[in-house]
Structures are given as structure tokens and as C-alpha cells.
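Residue numbers (my numbering), protein chains in the order written: chain A, 2 to 626; chain B, -12 to 223. All C-beta atoms in this analysis are idealised placements derived from N, C-alpha and C, irrespective of residue type, glycine included.
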Ligand code: SF4
Ligand code: SF4
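And the structure:
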């Protein structure tokens, strides 16, 4: 039997001890004496969040198919355990072997959102790995970061030995082989890193030097070691049907955010919503073959025993064989008494028909994400959804028995006026009206319930809005009040509920998202002052962050509210994600001109991703140059 | 057809709570391909019920759940199929077919037997066979227990069916009422022994294993405790 890293008294004291004991169904145990490489895969947030992440399950499965590698998992200890581990000097451990992370060959950290940066430092700290990559020797694992935030790794550049830019399936095998060869040859850690930096998609920050202009923008970004590329091109899987996918995902004991089989039907998105980073980073869209998905669905349900299956993609309605796949699932799931959940489906007669079959209409709600209140602003952000389409979908649904609607909007989008904001209230009201027009009095099941939620817009790298100034906290709040007032003025205001997000956290996210290397210092300092779990409202300490930036002499408006010049060198410009800067610039201009750009299925806009020679780009279509 | 399934729970499974064990079994039964019955309605769920929840930190050799199946082959087939799906620390011990009129597992529970061992460094020097016999010989054992509404004081004696200490093994055996009406936590009984001997009690000292869960095969007046699986029969 395995011995646990934590003693009984600790496990009986902390909340949800199951977070730390491993032993879950389908978790992989290997004999450590029969593997060459120990890989610790980390999601720097609490277990229930980390376990819900598909990317980790994919890589965990991929690594463990390698006979010479044992991949284990590690998540952030919740603050209750965090303080016990510090008090008693207990090193952070991996769930499977329960052995210290420090003894591993690699520590891979997936970086899904900016607000987890201090949690990365917590992981390093509890593992007793020096914060700065340059202070590490062969006694420490190679710390490698990946995920969407690796597309602007600069604010956390000092803390990583390597960043992996792009999809993990392609370069890990060559990296592991290089590692084994270097160990055999007795190379220094630096020598290994120099050779790793020459593999495609891998970025080793310590071998690059940044210089700044007087106005604090970047003057140059250059490699300091010869033979290392100045530009890192993202890695991607060209044929995603023919790649590894976990047939036996790990099944947690405790309820996690994602408590079901997740079937990834496609990667990327054909739509180019201009605020959306995922829509650009993962281009071109690549579909998995529906026949192999059907096989996976059955195998995964059989191997996990889950009672629910969900389709995962950025925009499922765009998947070309969706109807066929969904009908197959409905049939086989009905037999197996399995529920189907279908997030990110466009509301139309097909999806309503499906939803009626798979869920209880009375209990479920419709979701629309118009993102902006007026058609003008929706053109600016290139969100194809029109008022007509929304009202049509809602009317259909109301006739079918639904009476709850959720609407998602953003506040603070470029060019937004009070008129656009009032559009949020007006659209909500029109939907309520559609309900009362559609459903006769005697058939109404109480009032229609409309919940409008707004989040604050944070400009992200590699989007057409990367040049846009972000709003200040005061502007954000003013916009939320305007929305609130406008909703109160509506005829059906009693049917409309309005929620808005915290403004402080959005400002913070904005600083980190478009930050540069000079942010490494304040991030470390904020961590040392006790900031962790910043993504969790109850732990986020805005005052500490504000104070820390001031101490480091950093004017945060440089990162947020500043209007960036069209020719400015951005901290992330050395990364080539496929989509060219010229394309993003033309999209920024189209946005300001309120001009809509067609999606990849309608027409190719020559964004740059075609050079990968895969997915939608290889389908013959009109090209707009 | 109703089955009563007996299982054990050891090792790291001590840290998996009752609700999560239920969720675990729901999935294991699907993986094993057992032809379990489902409720009707929009979100069908498995017909399954558990006998008595086991507290976090406790081990057990005598847990029970009842499930309803549409078809079955044999007890050994069933046990093997489900065991093939178990993780370390949990084993299926028996599966018995229940008569149609059997009360469900939870309603059937009358008592449970526990072995209490002591953690290294926390062994109570004062505990001997004689001390425990003296304790159990009392006509009344007044204890206070914490409830949601505050403290209540009551006589535990009628709910404590047996209590003995093994000097050689240094373990205590308890049989206590475990019915929904009079459920007694084993640690409460152990605390009463400590209190009577003016010893300082620490919950953490105890390593508790539930050895068996019983039903009453006798009458109200003359009870006869038998394992919960007693009313069932092996099949196939
Ligand atoms: S539909 Fe728009 S917002 Fe959604 S993933 Fe695609 S580009 Fe992004
Ligand atoms: S190259 Fe054309 S088809 Fe390919 S992703 Fe870009 S716009 Fe879409």
C-alpha cells in the first residue's frame, strides 16, 4: 500500500482530504525504478478545478503511454493545507507516488488564466524549487509552462526554464529524448536548455534580452545565444483525429467542476470575434472525425462509469457533423442512461429539439452571448449574432416551454457609448416582450426570467484589440451603473435581473495580460506578502497588489489604459501564433470602421494560419486578400 | 431483484466521505456492466441504498449497500465483476439475493461492532480488561453529546450492547446501537471509559474499524444480532 505524504492528523483536519491522496480510478501507477523520466503535471489551482481541465488529461494520458515516462499530477494545496505544510516544513508532493516534486525531472505547469500567477509561485515555493530559473541546478526539475497564457509569458518569464508555445502533443517526445541524451552525456543544465531552445515551439526566456525605450516600450528583443531563434512559432497538431486522446480519463472521488466525460470535437474556431484570444490562438479550426468520436464516447463512458457526457469546443454549432454525432449520442446514451450536456450551442430549431430530448425544459435555461448591446457595437467586435436571430431563437424556445434566459455581455469594449450600453437593457426588454407576445396568459408559468450578466472587457494579446486601451475601474463601474439604470427604466424590468463582475480583478487581469518582464518582480513580491488564489474573490487582495506595484515603481496604467501605437513592439511579438500582426492590424481597423469580417467557412481572410496547411484552410473556398 | 452487497474499506479510502463512496459505486457499477435497475423520469438514477454511513477516518470490514438489478448470473460472477473495478482499499466481500419483502439496508440496521486500536504513542496505560469490565458493569452510563441544538445528556447503557478489552491485543471491542433511532458513535463510548478513569481523551488516538453491521433477527424483546447479509442467500 502507498504511504501518504500527509499524516492522518493533517488529513482529518483539512477540508476535502480526497484532494491530496490520489488513488482515483484510472490514475496511473508505475514502478519508479523502471522509468527514465518522472514528469509532474500541474494545474496551479485547487484539485476540483485542475481535475476538470481537458488539456491535462490529454497530456497525462500521452506521457503515460510512453514506457520510459511516469507522469503524475499535482494541484495547488488549498490555503488550509498550505499553512500546515509551511508550519511543518512538508514539501509539495505528487498525487500518485506521494513523492516530493523536487525529485522529479520535469514540472509542467499549465497556465490557463493570469490570476493564477501567484499560485505558480506557491507551487515552486512549497516544492522548495528556487523562484528564478537562473538559480536552479540539476537538483531541480525543469520547470516548463504551457497553455494560453504562455502566449505572453513575459510577466512570469523569470520563473520558468522553458515555455512550450502551442499544443502539447507534438514536441514533448523530442524534448524528453533530448533530456535523456543530455543526462547521459553529462551536460550542464544550461547546455540542455540551449539545446531545448532550438526545438520548435520552445522558448527559454533566460536566453533572450529585452531593451526598452525611454517611453518604457520595448526597443529590442533578441536572443543572447547563437543558434537560438528570434521568433518562436507555435506548435499545433495538423491531424487531430489521428492524435492521442484519453480513453481512460482519471475519475475523481470528489465532485469536480467537470464531472463527466468530455469529448473534444474540434480545436479552434471559425469565427473571429475581435475580443477573443482563443479564436485567434487556436487557428485554424480542425475537426475530429465524427466516427472516431463516436468510438471514443462509448469507450470513455465504459471506462469511467460517468453518467454524463459533454461535447467540448469553442463553438460546437460550427462542427460540420454535429447533428449526426448528437443523434448518435442521444440514442446510445438513452440506452446507457447517460445525460448529455451541450454547452456553446447556438439556439435554433435543431438545438432546441435536441435540448428538449436531453434535458428537463422546465429546469433549464437558454443562453445567448450577444456580448454587446447594439448592432453597431456587435459589428465592432465582429460578433455575428443579430437581434433578429436572438429574438427568433427566444420566441421558438418560449413556444417550446422555456421561460428562463441568460444573456452575457461585456462592458468597456472599444468605441462603446452609453447608447450601446442602453442596448443591453433594451435587448433584454425585447426578449421579455417576445415571451409575453408568444405565450398566452393561461399557459404562462409565472414571469419570464431574464438574467443579464456583464463582465468587464480585458484586451488580450494576439487579438485585434491588443492595441485598445482598457477602461479604468471608475469607468467600468460607471458603465455598470448605466446598465443598471437603463434596465430599471424598461417596461419589463421586473422580469430582468442584472449581475456584474468585480472591477478590481478585471483591472488586475489587464495588467498581467499585456504585461512585460518588468512585472516578474511585483508578482514575486505580492506572493511573498501572502497573495495566493487571486482568482478566488475571497482571497484576492487588491490593496496588497496596488501597494506592491507602487513599491516597485510601476505605473500600471502603462499596461492598461494606455493607447498603444500601431508600430509598437509588444512583449509577445516574438511569438508567431500563425495569425499575422498585419492581419490583426487590419482587423483593428475594420473594428473602428464598424466593418464585419466573414468567418473562415464563408471565406478565407488570409489571416496567416494557412501556412500550417491543415484544417479549414485546406478546404477550397473564396479567399479575400 | 434486490441484492445486498458487503464491502470493506481500508487505507486511503478512509478519507473518502460517505456521499463520495456512493458516487464511486454508481460509476463502478456502470464500469462493471452490472444490469442495475434505474428509476424512471427525466434523470434516471440507480436504485441503490446504503446501510449506515461510516465516519471519515474509520476503516471497515462490514459495509453494506442494497441494489436492485434486472438480471444476474451468480454471486461469484457479480463479486468478481465488481472487484475488477475497485481501487486499492475497497473490496467486495459478498453479494446476496434478498427476499422480496426485505426491509432496505438502512432501515434494517440494528447494531454495529467496532474494534478500537490505539495509535502509536497514544496508547492508554490505564486500560485493562478489568477497567473495561467495571465500566460496562455500571447500571447507568450518563454521557453528554453534542447535537445541532446544543448538548444533551442521556443514559448510554441501553445502547451499548457489548464492551470488552483484550489485554493481549490492546484493543477494545464494542457493539453499539447503530439504528437510525439510537445510533451511538464508538468514540463516544470510548470517551466515557476515559472520563470514568479521569484520563484525558483525544479522538485522534483511536484507530477504529467497523467489523460488522447487524440486523435484529430476533424480536423486540429478545433481540438476536445477525450480520446484515443474514436474510439473503447466495445465488447462482
Ligand atoms: S465564437 Fe467568437 S468568442 Fe466564441 S470562440 Fe469563436 S471567436 Fe471566440
Ligand atoms: S487562413 Fe483563412 S481559412 Fe485559414 S484560419 Fe486564416 S482566415 Fe481562416
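Beta carbon of residue i nearer than 7 Å to that of residue j
i	j	result
residue 27 of chain A	residue 252 of chain A	yes
residue 44 of chain A	residue 64 of chain A	no
residue 258 of chain A	residue 533 of chain A	no
residue 143 of chain A	residue 202 of chain A	no
residue 1 of chain A	residue 436 of chain A	There is simply no residue 1 of chain A to check, as chain A begins at 2 and stops at 626 in what is shown.
residue 560 of chain A	residue 512 of chain A	yes
residue 233 of chain A	residue 197 of chain A	no
residue 294 of chain A	residue 317 of chain A	no
residue 124 of chain B	residue -1 of chain B	no
residue 306 of chain A	residue 78 of chain B	no
residue 457 of chain A	residue 375 of chain A	no
residue 115 of chain A	residue 510 of chain A	yes
residue 1 of chain B	residue 44 of chain B	yes
Residue i (DSSP reduced to helix, strand or coil)
i	result
residue 188 of chain A	coil
residue 571 of chain A	coil
residue 371 of chain A	strand
residue 354 of chain A	helix
residue 54 of chain B	strand
residue 322 of chain A	coil
residue 164 of chain B	strand
residue 8 of chain A	coil
residue 76 of chain A	strand
residue 45 of chain B	coil
residue 3 of chain B	coil
residue 157 of chain B	coil
residue 507 of chain A	helix
residue 30 of chain A	coil
Cβ neighbour criterion (16 or more within 10 Å) applied to residue i
i	result
residue 216 of chain A	exposed
residue 421 of chain A	buried
residue 540 of chain A	exposed
residue 15 of chain B	buried
residue 139 of chain A	exposed
residue 87 of chain A	exposed
residue 505 of chain A	buried
residue 529 of chain A	exposed
residue 58 of chain B	exposed
residue 159 of chain A	buried
residue 84 of chain A	exposed
residue 33 of chain B	buried
residue 613 of chain A	buried
Chain-ordered neighbours of residue i on chain C, where CB pairs are closer than 9 Å
i	result
residue 78 of chain A	The chain inventory of the structure shown lacks chain C, comprising the protein chains A and B.
Bounding residues of the alpha helix (DSSP H) (the contiguous stretch that carries residue i)
i	result
residue 153 of chain B	No alpha helix (DSSP H) holds residue 153 of chain B; the beta strand (DSSP E) holding it covers 147 to 153.
residue 67 of chain B	62 to 70
residue 313 of chain A	Where residue 313 of chain A is concerned, there is no enclosing alpha helix (DSSP H), although the beta strand (DSSP E) it sits in stretches over 309 to 313.
residue 43 of chain A	Element bounds for residue 43 of chain A: not the alpha helix (DSSP H) but the beta strand (DSSP E), 38 to 44.
residue 50 of chain A	48 to 51
residue 489 of chain A	474 to 489
Heavy atom of ligand 1 within 6 Å of residue i beta-carbon
i	result
residue 89 of chain A	no
residue 373 of chain A	no
residue 279 of chain A	yes
residue 272 of chain A	yes
residue 478 of chain A	no
residue 315 of chain A	yes
Near ligand 2: residue i beta-carbon under 6 Å from a heavy atom
i	result
residue 610 of chain A	yes
residue 284 of chain A	yes
residue 188 of chain A	no
residue 601 of chain A	yes
residue 606 of chain A	yes
residue 623 of chain A	no
residue 618 of chain A	yes
Span of the beta strand (DSSP E), counted from its first residue to its last, around residue i
i	result
residue 143 of chain B	Note, residue 143 of chain B: premise wrong, no beta strand (DSSP E); not H, not E.
residue 342 of chain A	340 to 342
residue 221 of chain A	219 to 224
residue 97 of chain B	96 to 105
residue 209 of chain A	209 to 213
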